[in-house]
Every structure is written in structure tokens, then in C-alpha cells.
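**Q** Here's a structure for you.
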Amino acid sequence: MKHKPDRTVITQIPRAGDEGSSPKKGDRMRFCTVINCMDGRVQLPVIRYLQKRFNVDYVDSITEAAPNLILSEQKDMASIQSILERLKISIENHGSVGIAVVGHHGCAKNSAPRDDQIMHIQQSMHLLHQKNETIEIIGLWVDKNREVHDIEDTCFHPDSKTAAGGMRNILD
Ligand SMILES: [Zn+2]
Ligand SMILES: [Zn+2]
């Protein structure tokens, strides 16, 4: 006799609308966005960090192999376009309150030393500033112990939210 697939699990999926109740009573669900490396080791530490950093319920994830390299080199325009399109969905559909771009120790695709990778992150932040002037953009470094660190923003953009936090070096 042919075994029929067990479909009972389907009944456990909440119907559309059921997910509308927010963890915070009466509040809208809050989202931020991360442009993270695909590396499995850095997903949870970064998500947990960002939930606190931006006070959000959920972190929309855009993953690439070494996104800090892609965004700083600006050679792979197809990947950059794809990142920006996904970013737009997160901002427009989820009202994302902040964007983080991440680099990490031991990256398979970006073998540059830490300080160079941090520069790649800062250059990535600058590209994102140019595309999104009204949303906070931060850079994160995940160290060898998988601890997450905010990276200094080296840009100065008078109209950008990111520039409101204080002094920045003018590199651009
Ligand atoms: Zn990586
Ligand atoms: Zn900038």
C-alpha cells in the first residue's frame, strides 16, 4: 500500500491574520534589516545583538558571501542591485528602522585582516548612506569569539540620521 504523506502538520500553521498579534501589546511589530555574511556562525549573534540595538522584534536578513567586500568593491553590480532590492522590500513593507552591514572574523570570502575588513564595512555603510538618507545605518564586526561590536561611522552626512549621533571624520 502506498504511504500517503501526512498532512496533519498543515493544520498547525496559523491562518493568515493570526500572526497579527504583536509581542508588544498594541504596538506594531518592529523590524530592522541586516546585510550579513551567509556564514552560519554569525547569524544568531548578530540577530540577538540587533534586536537590542534597534529595539526590534524581528531582523530581516539579506545574506551574501562577504557583503562588506561586495558593497565596498562595487564590482559585482548585479549582487549590489539584488541587495538594494531586498533592502527596499524590508524598508517599504516592514518599515525597517535601521540597517546593519556586517563583517566577521574567519570569513571564507573576505580573507583581509580585521582592520581592512572594518574599512570595507565603513565603505559599505557609505554606499548605503547614499541610497538611504533617512534611515539609521550601522556597521558591525563579529570577532573570533563571535562577540558583536559596533563600528565607528566615518562618514559625515548633514541630512542623514546617522550623522546626528555626533562627530564624524569627513572622508567623503
Ligand atoms: Zn563571511
Ligand atoms: Zn557616508
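For the sequence shown, the working numbering gives the first residue as 1182, with consecutive numbering after it. A virtual CB, placed ideally from N, CA and C, is assigned to each residue, including glycine.
Could you pull out every residue in the same chain whose Cβ sits closer than 8 Å to the Cβ of Ile1299, ignoring the five residues on either side in sequence?
**A** For Ile1299, where only same-chain residues beyond five positions count, the Cβ hits under 8 Å are Gly1284, Gly1320, Trp1322 and Ile1332.
**Q** Start and end of the beta strand (DSSP E) containing Val1283?
**A** Val1283 -> beta strand (DSSP E) spans Gly1279 to His1285.
**Q** Does the separation of the CB atoms of Pro1248 and Val1278 fall below 8 Å?
**A** Against a cut-off of 8 Å, the Cβ pair of Val1278 and Pro1248 comes out as no contact.
**Q** Quick check: Thr1214 and Ile1280, are their CB atoms within less than 8 Å of each other?
**A** Contact: yes.
**Q** Which of the three DSSP states, helix, strand or coil, is assigned to Asn1217?
**A** Three-state DSSP puts Asn1217 in a strand.
**Q** What does DSSP give as the partner residue(s) for Ile1319 in the beta ladder?
**A** DSSP, once it has assigned bridges, lists Ala1281 as partnering Ile1319.
**Q** Going by beta carbon distance, what residues of the same chain come within less than 6 Å of Asp1199, once the five residues before and after it are set aside?
**A** In this prediction, Asp1199 scores a pLDDT of 49, lower than 50, which makes its location untrustworthy; no coordinate-derived value is stated.
**Q** What residues are listed by DSSP as bridge partners for Ile1270?
**A** The partner list for Ile1270 (beta bridge, DSSP) is empty, contrary to what the question assumes.
**Q** With distance defined between alpha-carbon atoms, name the residue in Lys1233, Ile1272, Phe1212 and Tyr1239 nearest to His1330.
**A** When only C-alpha atoms are compared, the closest one is Lys1233.
**Q** Hey, is Ile1264's beta-carbon within less than 8 Å of any beta-carbon in chain B?
**A** Although the question refers to chain B, the structure presented lacks it and comprises just one protein chain.
**Q** Secondary structure at Ser1263, three-state DSSP: helix, strand or coil?
**A** It is helical.
**Q** In the DSSP assignment, find the alpha helix (DSSP H) that holds Glu1254 and state where it starts and stops.
**A** Segment Pro1248 to Glu1254, the alpha helix (DSSP H) holding Glu1254.
**Q** Does any heavy atom of ligand 1 sit closer than 7 Å to the C-beta of Asn1326?
**A** Not so, every heavy atom of ligand 1 lies at least 7 Å from the Cβ.
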